Every structure is written in C-alpha cells, then in structure tokens.
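K.L.:
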Amino acid sequence: MKKLIVACFLTVMMASAHATPEQDRLALRAFFQERFPKLDLNEMINGLYAFDEGAREQWLEMEDFPPYEIAIEEGEEAFNKPFANGKTYADCFANGGMGVKQDFPYFDVGTGEIITMEYAINKCRTDNDEEPLPWLVGELAQIAAYMAYTSRGNKMNVVIPDDPRALAAYEAGKEYYYTRRGQLEFACENCHMQSAGMMLRADRLSGMLGQATHWPVYRSKWGEIGTIQKRFQECNSQVRAKPYEAQSQEYRQLEYFLSYMSNGMELNGPASRR
Amino acid sequence: MKRNLYLPFSALLAVLMSPASAMAADADEYVAALEKAQSQICEAATRVQLWNTSEALLEEAAEAAAKGNFDEGIKLANEAALHAELAVATAVREKKNWHLYVPK
Chain A
1 MKKLIVACFL TVMMASAHAT PEQDRLALRA FFQERFPKLD LNEMINGLYA
51 FDEGAREQWL EMEDFPPYEI AIEEGEEAFN KPFANGKTYA DCFANGGMGV
101 KQDFPYFDVG TGEIITMEYA INKCRTDNDE EPLPWLVGEL AQIAAYMAYT
151 SRGNKMNVVI PDDPRALAAY EAGKEYYYTR RGQLEFACEN CHMQSAGMML
201 RADRLSGMLG QATHWPVYRS KWGEIGTIQK RFQECNSQVR AKPYEAQSQE
251 YRQLEYFLSY MSNGMELNGP ASRR
Chain B
1001 MKRNLYLPFS ALLAVLMSPA SAMAADADEY VAALEKAQSQ ICEAATRVQL
1051 WNTSEALLEE AAEAAAKGNF DEGIKLANEA ALHAELAVAT AVREKKNWHL
1101 YVPK
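Quick mapping for you: the protein sequence lines, in order, are chains A and B.
Each residue of the first sequence is one higher than the last, beginning at 1 in the working numbering.
Each residue of the second sequence is one higher than the last, beginning at 1001 in the working numbering.
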C-alpha cells in the first residue's frame, strides 16, 4: 500500500513537473472550454470583446475607422525608409519582413536568447549602425504595427526547439505568468484565467488565450499605439510591482510563453482596446 | 507634606515624556537608516521583483528629511525596507506554490 501511494505521488509530480509546452497549451484550451462551454475559443483573439456583446458592438463600430490606421501607414513609411547604409528592415527579416509575425518570439539557438519582433527590429537597426528606437511606443510600435498588419490571418506558430535553454526560457515565462507579485499579490493568472470575462471595476477582463495575437494595440487610455511589453509594465504597476525594463529577459520569456499558448490562433493585430 | 515631595518628580517626568522634549532623530541617524534600507532593497531586487512602493517610500523619506523631519524620514525608510522584505517573502512562498495554478 505504501509503495502504491508513493508511486501515485510520483506519477502526479512527474505529470505536473514535466508537462510539455503542447500539453500546457491543450490543458489551457480545455480550461477555457470548460469555463466557457458556449464560447468559440477562437473568438478569444478579440480579448474582452469575446465576452461582452455590448462592448463588442461598440468596438466593431470603432473598427470602421480604426484608430491604429495612421500607425500602420507611418509604420510602412518607416519600414521602407532606407538606413544610411542603403539597407532596409526588409533585409533583416525572412520574406522581407512581410507576414512573419506568427513566428515571433523565437528562440535563437546561436545566442540562446528569445527574440521578440520589437527586439529584432531594433537589432536590425543597430546591426546597420542606426540608433535603437524607444521600445514601447512611437516609431518602433508603428513598424511593429505595419508588420503585424501584413501577418493578419496567419496562425500563431511559435516554436520551442529541442534545446534545453529554449525549454528553460519557456518554463521561466510560465512561472512568471502564474506567480503572484506586487503589493496586491496578483499573478497574471488571477486576472486572465480565474477572473477572465469578469468585471474589474469598470472593465471586463480578457482571457489568456489569444492575448498575444493582436499586438501592437492602440489603447484609448494611452492615446497611441503601444507594444505588448508596455502592457506588461502597466499590469505590473497595477498590482504595485516594480515593472522590469522593456525587453528584459523576464518579459521576453513571458512573451515567449504567452505567445506559445496562442499557437494555432489567428493573428489580428494591430488592434484597438479601451 | 509627603505628597508635595512627589510633585517635582512627576512634573519632571511629564516634561521628559512630552513630545516636544523627546529626543528627535538627527541627520546622521536618518542617513544610517536610509543606507540600510537602500542596501536591503538592492539586495532584494537581485532576487525578486520588488513592489513599486519601496522606491516611492524612499523618495517620501528624502522629502521629509529635506524638511528636517528626520523621525518621519527614518520611519519611511524603514517601511521601504519592510516592503522589500515582504516582496521577498511573497516570492519565496510563490516559488513553492505557483505550479498549483497551472491547468493540468
């Protein structure tokens, strides 16, 4: 009997400790399907608008003249403007940078780093002797918006290669997502899983699935287009944690995990949110 | 007569215990508290994500000290250090528990 208990315990421990990223993703989808049995999970790429019919109608009306449209145009212009050495962003990306957002973030086996799209854009600049752009808003977010726009309709396809460093980065991002932090002791999970679809003061909370498909986002409260890591910082501040620097290792790992969880879902960025 | 003898002692005691005559902290004590808090916060920051309150409290401590209110400055510096300590405590607890929230 004692041996049986130990064997059961070890089986449970092994299952929880060694779930593969794909098992995590499927378990997450099952979680949301059980939570919202009538919801088409693919609708979750629309964030809170998957849960709130009234807000969704207002949002769809706003999409007739989307506030991020100017950012796409300015991003396209910046994307095509040659660097001083004559090269362009297109020279730095596969397929000339068109329709590639679904592959980001990726794990660079050469450097052992997580490469987000914004990170790659600035690396492209520094590799071509240009100054890096500020990470969160402005020209970098506009270029990312344009690149995201060219990727609309593609399915998220984040890959975790057979490299222990990649898996470790994924696991670190996962741990971050589920760890409570800040003076209010909230994990990302508390709002976007436990309380997804529920009200937090005047706002309805989005769910974790599809959270990475629609960035960058024009948020009305920002009054401009911003990157997902700007939102990470904002979330951290809201729970009274000191935000990390944009593109810090912690945030890139988080983005890697979060994006993998949206694998197979349609890209629909840039987007607008309240 | 006996009662009269006690009067000067109780009066002296009351004066010593009044806020006006309490020993106020000086700048050196504030600086010591500030440095201790900064050291604790820096050490915590290498281990965990801090609360965003610690640095704000240090700023408030500096403002109080600049006005000569070193008692308040020390109190706020100590509170800033406490918040860093609590951030570490949360992180230690969460290190053991976070996986419980992951859907299986």
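Glycine residues also receive a C-beta, built at the ideal position from the N, C-alpha and C atoms.
Everything numeric in this text was worked out from a predicted model, so none of it was measured.
1) Between Ala1080(B) and the rest of its own chain, which residues show a CB-CB distance below 6 Å, the 5 nearest in sequence each way excluded?
2) Using C-beta distances below 6 Å, list every residue in its chain close to Tyr244(A), excluding the 5 sequence neighbours before and after it, in chain order.
3) Assuming Tyr176(A) contacts Ile160(A) (C-beta within less than 8 Å), just tell me the rounded distance between them.
4) Look up Glu69(A) in the DSSP assignment and say whether it is helix, strand or coil.
5) Starting from Leu28(A), find everything on chain B with Cβ-Cβ shorter than 9 Å and list it in chain order.
6) Using the beta-carbon of each residue, which ones in chain B are nearer than 7 Å to Phe31(A)?
7) Would Tyr313(A) and Ala71(A) be called neighbours here (beta carbons separated by less than 8 Å)?
8) With the cut-off set at 8 Å, would you say Glu208(A) and Met193(A) are in Cβ contact?
9) Got a sec? Which residues, its chain only, sit under 7 Å from Ala55(A) by beta carbon, not counting five neighbours each side?
10) Does DSSP put Phe32(A) in a helix, a strand or coil?
11) How would you list, in chain order, the residues of chain A whose beta-carbon sits under 7 Å from the beta-carbon of Leu1107(B)?
12) Going along chain A, which residues have a C-beta under 7 Å from Thr1053(B)?
13) Report the CB separation of Ser259(A) from Met156(A) in whole angstroms; it is logged as a contact under 8 Å.
14) Do you know whose CA, among Glu255(A), Asn190(A), Lys221(A), lies nearest His214(A)'s CA?
15) According to DSSP, is Val1088(B) helix, strand or coil?
16) For Gln238(A), which of Gly223(A), Leu200(A), Leu133(A), Leu26(A) has the nearest alpha-carbon?
P.N.:
On the basis of the data shown:
1) As a position in the second sequence, residue 1080(B) is number 80, starting the count at 1. Result list for Ala1080(B): Ala1037, Ser1054, Leu1057, Leu1058, in chain order.
2) Locating residue 244(A) in the first sequence gives position 244, counting from the first residue. Counting only Cβ-Cβ distances below 6 Å, and skipping sequence neighbours, we find Glu250, Tyr251.
3) Here residue 176(A) refers to the residue found at position 176 when the first sequence is read from its first residue. Here residue 160(A) refers to the residue found at position 160 when the first sequence is read from its first residue. That belief does not hold up - the Cβ atoms of Tyr176(A) and Ile160(A) are roughly 16 Å apart, past 8 Å.
4) If you number the first sequence from 1, residue 69(A) lands on position 69. In the structure shown, Glu69(A) sits in a helix (DSSP, three-state: H, G or I).
5) For the purposes of this step, residue 28(A) is taken as residue 28 along the first sequence, with counting starting at 1. Within chain B, the residues near Leu28(A) are Val1102, Pro1103.
6) Locating residue 31(A) in the first sequence gives position 31, where the first residue counts as 1. Pro1103, listed in chain order.
7) Any property of residue 313(A) remains undetermined from this structure, which presents chain A solely from 1 to 274.
8) Taking the first sequence and counting its residues from 1, the one referred to as residue 208(A) is at position 208. Taking the first sequence and counting its residues from 1, the one referred to as residue 193(A) is at position 193. Note on residue identity: the sequence assigns Met, not Glu, to residue 208(A). Contact flag set, yes.
9) As a first step, residue 55(A) must be located in the first sequence, where it is residue number 55. Contacts found: Leu48, Tyr49, Arg204.
10) Residue mapping note: residue 32(A) aligns to position 32 of the first sequence, counting from 1. If DSSP states are grouped into helix, strand and coil, Phe32(A) belongs with the helices.
11) The first residue shown for chain B is 1001 and the last is 1104, placing residue 1107(B) beyond what the model contains.
12) Within the second sequence, residue 1053(B) is the residue found at index 53, counting from 1. Ordered by position in chain A, the residues that pass the 7 Å Cβ test against Thr1053(B) are Gln183, Arg240.
13) By 1-based counting over the first sequence, the position of residue 259(A) is 259. By 1-based counting over the first sequence, the position of residue 156(A) is 156. Indeed they touch by this definition, with Cβ atoms about 6 Å apart.
14) Taking the first sequence and counting its residues from 1, one reaches residue 214(A) at position 214. That would be Glu255(A), whose Cα lies nearest to the Cα of His214(A).
15) Taking the second sequence and counting its residues from 1, one reaches residue 1088(B) at position 88. It is helical.
16) The residue labelled residue 238(A) in the question sits at position 238 within the first sequence. For the residues Gly223(A), Leu200(A), Leu133(A), Leu26(A), the minimum Cα distance to Gln238(A) belongs to Leu200(A).
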